[in-house]
Amino acid sequence: MNAFAANLNAFYAVVRRDFHIYLSYRTRLVSQILTSIFSLTLFYYVSRLVRVEGFTTPDRYFGFVVVGIALVGVLYSCFAVSETIRQELVAGTFERLLLSPFGGVRGAVATAIFPLAYAFVLSSITLGLGVAIFGLELHWPTVPLALPTLVLALLAFLPFGLIFTALTIATKQANVGASWIIALLSIVGGLYFPIALLPGWAQLAAEVQPFTPATELLRHFLVDAPMETSVGLALLKIVGFAEVLVPLSLYALYHAIRFGQRRGTIIEY
Amino acid sequence: MSGVLIRSEVEPAPPVSGPMQPMPLSLRGVSKAWDKGRIPVLDRVELDIDVGDRVRIAGRNGVGKTTLMRIAAGLIDPDRGQATVWGASAAERPEHYQRLVSFLPAGDRGLYARLSVRRQLDFWARIAMVPRGEVSARVEEAIEIFNLGELADRRVDRMSMGQRQRLRIAMTFMPHPDVVLLDEPLTSLDGEGAQILYAAIERLLDKGGALLWCSPAGERLDYGFDRTYMLDEGRLVSA
């Protein structure tokens, strides 16, 4: 078996492991769908109650915010890997990954795959519920373009989770800050309301992370929201962030593990 | 001699500056201190384990046996010196190293509580880079050898400590490593489980493997070792 096939098999094993662990919690999907329904209901009536600047109709704002709600789940899933690895440190299963030929870096990256795939499914369900229950109008001709855009966006988002994983491995407690970062990114990324409503300094923050162009593009493809910039420029930004952040995060992860191995703290939790 | 290993009088002295031929497992001048500036828990340890060797390290609690095993497993780095398997070090060739060595850590950790025995073994076989076509056969082989048949579809969090230990041992031997490192392997095992473990060790040695076992001093064992060392004040001494 060549190295590529062996690695693919190991990645598959990690995803399957996470899938089976997920299946062992039988009520998780139901509770998450209920959470989506509550969020959709809340924002459906907010869209009816409040007139938001820049939106011609309540339905336009509702479409805008539904895509944001769907992406918040994706955002959380990117950071889920650091919490999972923290649990694995406690359970001693990360030690098993380190003691395997697959190793800690590939093990951590593989651990990120299932939460991302699951977040994609949940996001699709959220959009589906928006259509079925609240009459959300998707822009079907461009909906298929959202899939490759999301995959590209995940490449740009995932490094944030991997960097937090590196911090978790190095300090055993870095995940505390993840919820702050998610909250901050959901604001400056324009997930719930337009960035134009934010003060100037916050609008600057919106320009230096990949969530803003990704959210804008996905909204454009899913609900035909107007773009602030061109599609090409937004794509270029996402690719640029991915190109810089992916190697940086893998470097951080590798060195966090090696730091722990040199100091002997890799076995601590 | 710069090394500090003191072997029994009847044994030949170990090589000082590294073996001429690569050994299944060699520790050369391995030192480790948990607090910098303090007395090291391991102090220039030297050890060679050859094909077919059964070697035991004993010692008081907290003397550094597990630290030694973790270094030999490539889990943590020594401050000085190095561990090699067939001449390869974990720091330089981690993937290769981990294909050759399998380590059973002490305790009952390292299992996914909500996975069944079969899924756990399947996961570990794939992570251990067992060829894809052999995964199922290896899993079933491990289930049979370690007498896990009745437990194969049971979740780990519904198993006793002894059953979990048998699963952990099965995971250790399943990849067919050259060197097996066992840290207190008899923990929670009953007599039948111990006999299964001894049989697995014999199969490993028959195939040209090597064993390093560590357990507390004073533990009663009905298994014979080729060599036993005591770890004391960071040094290995022949028992």
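So the sequences go chain by chain: A and B.
Under the numbering used here, the residue at position 261 of the first sequence is numbered 1117, and the numbers go up by one with no gaps.
Under the numbering used here, the residue at position 112 of the second sequence is numbered 694, and the numbers go up by one with no gaps.
All C-beta atoms, glycine included, are put in the ideal place defined by N, C-alpha and C.
Owing to the predicted nature of the structure, the values given are computational and were not obtained by experimental measurement.
* Exposure of Pro622(B), with buried meaning 16 or more beta-carbon neighbours within 10 Å -> buried
* Run the CB neighbour count on Gln1029(A), radius 10 Å, all protein chains shown included, and call it buried at 16 or more, exposed below. => exposed
* **Whether Gln888(A) touches Leu978(A) by CB criterion (7 Å)** => yes
* Output, in chain order, the set of chain A residues within a Cβ distance shorter than 7 Å of Pro676(B). => Gly959
* **Same chain only: Cβ atoms within 6 Å of Ile783(B), ignoring 5 sequence neighbours per side** => Leu793
* Cβ of Ile877(A) less than 7 Å from any chain B Cβ? -> yes
* To do: Step through the CB atoms of chain B and report whether any lies within less than 7 Å of the CB of Val880(A).
  => Note on identity: in this sequence residue 880(A) is Ser, with Val being the wrong assignment. By this cut-off, Ser880(A) is an interface position.
* Asked: Any idea what DSSP makes of Gly924(A), helix, strand or coil?
  -> helix
* Using a beta-carbon distance below 7 Å, is Ile621(B) in contact with chain A? -> no
* To do: Pull out every residue of the region 939-952 of chain A whose Cβ sits closer than 7 Å to any Cβ of chain B, in chain order.
  => Ala947, Gly948, Thr949, Glu951 and Arg952
* Asked: Do you know offhand how far Phe860(A)'s Cα is from Val1007(A)'s?
  -> 21 Å
* Could you tell me if Val1100(A) is buried or exposed, where buried requires 16 or more neighbouring beta carbons within 10 angstroms of its beta carbon? => exposed
* To the nearest whole angstrom, what separates the beta carbons of Ala1068(A) and Ile1051(A), a pair I think is in contact under 8 Å? -> It is Thr, not Ala, that sits at residue 1068(A) in the sequence shown. That belief holds up - the Cβ atoms of Thr1068(A) and Ile1051(A) are roughly 7 Å apart, short of 8 Å.
* To do: Determine the burial state of Lys647(B): buried for a count of at least 16 other Cβ atoms within 10 Å of its Cβ, exposed for fewer.
  => buried
* Asked: Would you say Leu819(A) faces chain B, with C-beta separation under 7 Å as the test?
  -> Past the boundaries of the shown model lies residue 819(A); chain A is included only from 857 to 1125, so the question cannot be answered.
* Cutoff 7 Å: Phe755(B) Cβ touching any chain A Cβ -> no
* For the region 663-683 of chain B and the region 634-643 of chain B, state whether three or more C-beta atom pairs, one from each stretch, are separated by less than 8 Å. => no
* Asked: Under a three-way DSSP split, which group does Ile1122(A) fall into?
  -> helix
* Got a sec? Which residues, its chain only, sit under 6 Å from Val627(B) by beta carbon, not counting five neighbours each side? -> Leu609, Val612 and Leu818
* Asked: Out of Arg620(B), Met605(B) and Gln603(B), which has the shortest C-alpha to C-alpha gap to Glu815(B)?
  -> Arg620(B)
* Report yes or no: is there a C-beta of chain B within less than 7 Å of the C-beta of Ala926(A)? => no
* Which whole-angstrom value is the C-beta distance of Ser880(A) and Arg740(B), which I expect to be below 8 Å? -> About 11 Å; that fails the 8 Å criterion.
* Residues near Thr998(A) in its chain [Cβ-Cβ closer than 8 Å; skip 5 each side] -> His1076, Phe1077, Leu1078 and Asp1080
* Asked: Applying a beta-carbon distance threshold of less than 8 Å, which residues of chain A neighbour Gly692(B)?
  -> Ala947, Gly948, Thr949, Glu951 and Arg952
* What residues match up with Arg736(B) in a beta bridge as DSSP calls it? -> Per DSSP, none; premise fails for Arg736(B).
* Pair within 7 Å by beta-carbon distance, Ser938(A) and Gly1017(A) -> yes
* Start and end of the beta strand (DSSP E) containing Thr810(B)? -> Arg809 to Asp814
* Would you kindly report the start and end of the unbroken beta strand (DSSP E) that includes Pro798(B)? => Ala792 to Pro798
* Asked: Shortest alpha-carbon distance to Val633(B) belongs to which of Arg785(B), Asp804(B) and Thr769(B)?
  -> Arg785(B)
* Asked: Does any residue of chain B bring its CB to less than 7 Å from the CB of Ser956(A)?
  -> yes
* To do: Determine the contact status of Trp668(B) and Pro604(B), defining contact as a CB-CB distance below 7 Å.
  => yes
* Asked: Going along the chain, which residues of its own chain have a beta-carbon closer than 7 Å to the beta-carbon of Asp808(B), five neighbours each way excluded?
  -> Asp635, Arg636 and Val637
* To do: Quick one: grab the DSSP three-state call for Lys618(B).
  => coil
* Starting from Gln664(B), find everything on chain A with Cβ-Cβ shorter than 9 Å and list it in chain order. => Per Cβ cutoff of 9 Å: no residues; Gln664(B) is ~13 Å from chain A at best.
* Asked: Under a three-way DSSP split, which group does Ile751(B) fall into?
  -> helix
* Would you be able to state if there are at least three C-beta pairs under 8 Å between the region 1109-1122 of chain A and the region 959-975 of chain A? => yes
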